[in-house]
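Inspection log for the structure reproduced underneath, given as structure tokens.
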Amino acid sequence: MKKLTLLNNLTPAEFLRDYWHKKPLLIRQAFPQFKAPIKATELIDLAKRDDVESRLITHVKKQWQLLNGPFTEIPDIKKKAWTLLVQGVNLHHPKADALLRQFNFLPDTRLDDLMISLASDGGGVGPHFDSYDVFLLQAYGQRRWQISAQTDLSLIDGMPLKILRQFTPEQEFILEPGDMLYLPPHYAHDGIALGECMTYSIGFRAPTYQELGEAFLQFMADSIDLPGRYADQDLKPSSHPAEISKSMLDTIEHEFNKVAFTKDDIALFIGEYLSSPKPSVFFNLPPSPHTPPKFLKLAAQRGIQLALKSRMLYRNRTIFFNGESFGVQGSDRTLLIQLANNRRLDGASMATASQDMKETLCVWYEDGWIELQPAPA
Ligand code: SIN
Ligand code: CO
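Under the working numbering, the residues of the sequence shown are numbered 34 to 410, in order.
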């Protein structure tokens with residue numbers, strides 16, 4: 034694999050071996066001559082929407098305040114020490130999505146979203162740690178990062194946000210536009226805006242096993258199949274009628290032991306779970322959809338692409354799309370795998386899809402899960 038500028042001229046394999054989950058990496062000019070593709074006004078507009086997760090953090094006289102969006106108003110940028118955080122900008126902005134996709138040497142199952150912070154001078158979210166890996170890309174203005182490998186990660190009680198009780202910075206960097214800092218999980222950090230600035234966080238998802246386990250058991254509950262009813266043809270007279278008998282428990286245990294989960298169950302669950310959109314996501318339906326024949330004709334000319342909010346994964350012969358699973362085979366499978374990996378499919382490939390797949394694609398188009406690629410200018 035080739036060396037990447039955004040990884041300090043390391044190959045993805047070298048980066049994963051030496052840094053990922055292990056130690057920080059400062060990458061000067063990870064994105065040379067970077068021009069922030071999303072304006073502050075666009076970010077503020079997103080923070081006003083109720084389908085976008087946003088937070089406003091202020092730090093005044095040693096007091097931290099956290100407000101959750103949507104917001105009708107954002108403080109003046111001349112007012113000191115506030116930060117607006119907008120989650121999932123990639124779901125709404127093609128350029129944010131394109132930036133996130135540059136990290137596709139990491140699997141889609143791990144890549145979460147692009148969060149953007151806009152801060153006034155002195156703004157920050159305080160010294161803290163995150164449970165996830167993160168790439169912090171300076172998009173506009175300057176931010177001073179202090180970081181520490183400290184193991185004391187205790188937090189101040191009663192704060193509206195996670196603030197380390199004791200932060201002992203070990204290294205300090207001033208990031209300019211295009212510079213990027215990678216931090217592994219649980220690495221203490223504090224970023225303070227030096228003047229107005231914008232920082233992009235390329236975030237990852239790592240569900241807890243507890244969360245996965247609970248969701249898996251719910252998933253299994255829907256597919257459990259235990260025929261029959263409790264029976265006790267060998268029942269013996271009881272002198273202690275209130276006692277639960279051992280034979281009753283043994284019989285039930287024997288039946289419960291028939292509930293086994295297979296690798297296929299786990300794969301199906303993980304595929305549906307990880308491809309599910311977040312609860313706040315609503316797909317944008319095409320405002321005046323083409324009829325199916327017209328859509329297919331245009332798709333064969335222009336190709337199709339996944340909607341920004343769509344998540345498509347696959348494993349063997351199953352495609353997972355926005356929380357649903359579809360069994361696929363033959364050349365359709367090849368096409369859908371291409372669509373999942375590249376998030377687009379060209380017109381010529383599109384034209385070779387089976388009748389079944391074309392019908393399914395029409396439904397996905399009407400649901401706002403896929404769309405036509407833009408017409409050439
Ligand atoms: C920020 O962009 O201000 C905060 C990002 C972080 O520290 O995780
Ligand atoms: Co952080």
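All residues carry an ideal CB built from backbone N, CA and C; glycine is no exception.
Closest by CA to Met345, which one among Pro217, Lys36, Phe200, Gln371?
Gln371
Exposed unless 16 or more other CB atoms sit within 10 angstroms - verdict on Asp223
buried
Provide the residue(s) that pair with Phe316 in DSSP beta bridges, ordered along the chain.
DSSP lists no partner for Phe316.
Reduced DSSP secondary structure (H/G/I, E/B, other) of Arg344:
coil
Of the listed residues Tyr215, Glu209, Tyr220, Phe353, nearest to Glu203 (C-alpha basis)
Tyr220
Could you tell me which uninterrupted alpha helix (DSSP H) segments, each at least 4 residues in length, are contained entirely in the region 46–113, listed from first to last along the chain?
73–80
Three-state secondary structure (DSSP) at Glu209?
DSSP places Glu209 in coil when its eight states are reduced to three.
Under 8 Å: do the region 136–152 and the region 189–201 share three or more Cβ pairs, one atom per stretch?
no
Run the CB neighbour count on Ala332, radius 10 Å, all protein chains shown included, and call it buried at 16 or more, exposed below.
Taking every protein chain shown into account, the CB of Ala332 has 16 or more other CB atoms within 10 angstroms, so this residue is buried.
One or two residues paired with Cys230 in a DSSP bridge
Paired residues: Ala152.
Confirm the yes/no value for this check: CB of Asp145, any heavy atom of the ligand CO, distance under 7 Å.
For the ligand CO, not one heavy atom lies less than 7 Å from the Cβ of Asp145.
Tell whether a beta-carbon distance below 8 Å holds between Leu89 and Phe104.
yes
beta-carbon Val167 near the ligand SIN non-hydrogen atom, thresh 7 Å:
yes
Going by alpha carbons, who is nearest to Asp212 out of Ser343, Thr367, Glu106, Gln171?
When each option's Cα is compared against that of Asp212, the closest is Gln171.
Under the rule that 16 or more other beta-carbon atoms within 10 Å means buried, what is Ile60, buried or exposed?
buried
What are the start and end residues of each continuous beta strand (DSSP E) run of 3 or more residues lying completely inside the region 253–311, in chain order?
If we require 3 residues or more, the region 253–311 turns out to have no beta strand (DSSP E) run fully inside it.
Given that a residue counts as buried once 16 or more other Cβ atoms are within 10 Å of its Cβ, and exposed if not, what is Ser256?
exposed
Between the C-alpha atoms of Glu325 and Phe353, what's the straight-line distance to the nearest angstrom?
Note on residue identity: the sequence assigns Pro, not Glu, to residue 325. If you take the alpha carbons of Pro325 and Phe353, they lie about 23 Å apart.
Taking the alpha carbon of Ala408 as the reference point, which residue from Leu378, Arg335, Gly401 has its own alpha carbon closest?
Arg335
Just the Cα atoms here: how many angstroms apart are Glu357 and Glu392?
When only Cα atoms are considered, Glu357 and Glu392 end up about 16 Å apart.
Considering Arg428, what are the terminal residues of the beta strand (DSSP E) in which it resides?
Outside the displayed span of the chain (34 to 410) sits residue 428, for which this structure offers no information.
Flag this pair as touching only if the region 284–293 and the region 53–69 have three or more C-beta atom pairs under 8 Å; answer yes or no.
Taking a contact to require three or more Cβ pairs closer than 8 Å, the region 284–293 and the region 53–69 do not qualify as touching.
Round the Cβ separation of Lys342 and Phe316 to the nearest angstrom and send it over; I've been treating them as touching at under 8 Å.
6 Å
Bridge partner(s) assigned by DSSP for Ile235:
Leu147, Phe168
Buried versus exposed, by CB contacts within 10 Å (16 or more), Thr84
Reading off the sequence shown, one finds Asp at residue 84, where the question assumed Thr. By the neighbour-count rule (16 or more Cβ atoms within 10 Å), Asp84 is not buried but exposed.
Quick one: is the Cβ of His92 within less than 7 Å of any heavy atom of the ligand CO?
Taken from the Cβ of His92, every heavy atom of the ligand CO lies 7 Å or farther away.
Comparing the CB of Ser150 with every heavy atom of the ligand SIN, is any distance shorter than 7 Å?
yes
Just to confirm, are Asp146 and Gly121 a CB contact at a threshold of 8 Å?
yes
DSSP three-state call for Ser382: helix, strand or coil?
helix
Is His219 near the ligand CO - that is, is its Cβ less than 7 Å away from at least one heavy atom of it?
no
Going by alpha carbons, who is nearest to Gln338 out of Leu368, Arg348, Gly363, Lys311?
Leu368
Straight-line Cα distance separating Ser313 from Ala264:
47 Å
Take Leu188 as the anchor and find which of Glu244, His161, Val167 has the nearest alpha-carbon.
His161
Do you know whose CA, among Gly261, Pro260, Met281, lies nearest Lys269's CA?
Met281
Cut-off 6 Å between Cβ atoms - residues of its own chain near Trp115, not counting five sequence neighbours on either side:
Thr91, Pro108, Ser153, Gly156
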